[in-house]
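Structure first, then comments.
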Amino acid sequence: RLKAQTPELTQEEERKIFNLYQLRDALNDDAGFIAYHIDHIVPLARGGLHHPVNLRVIPSLENIKKGDRI
245 RLKAQTPELT
255 QEEERKIFNL
265 YQLRDALNDD
275 AGFIAYHIDH
285 IVPLARGGLH
295 HPVNLRVIPS
305 LENIKKGDRI
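According to our numbering, the sequence shown is numbered sequentially starting from 245.
Laid out in structure tokens, this is it:
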């Protein structure tokens, strides 16, 4: 689903996504456990795209609680 819902990205957009994942990894390293996830603001299951404007770093418990809701 992720691949199918990833539009053609510019290098800048790819860099923004990379930076979000780097931030998530750094926060998890600092916490010592998986405390943060990358969240699709509009979930892929609801037609959201894997695009930087639809991504954010949030606490893992918040993301689990949110599930595929908007």
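Glycine included, each C-beta is placed from N, C-alpha and C at the ideal position.
Span of the beta strand (DSSP E), counted from its first residue to its last, around residue i
i    : result
I282 : 280 to 284
L299 : 299 to 303
Pair within 8 Å by beta-carbon distance, residue i and residue j
i    : j    : result
I285 : G292 : yes
Y265 : I278 : no
V297 : Y280 : no
P287 : I314 : yes
H294 : T250 : yes
I261 : L299 : yes
A289 : D273 : no
DSSP-derived helix/strand/coil call for residue i
i    : result
I313 : As written in the sequence, residue 313 is Arg, which differs from the Ile given in the question. Coil.
L288 : helix
Range of the contiguous alpha helix (DSSP H) that encloses residue i
i    : result
Q249 : Counting along the chain, Q249 falls outside any alpha helix (DSSP H), and DSSP gives it neither H nor E.
L264 : 255 to 275
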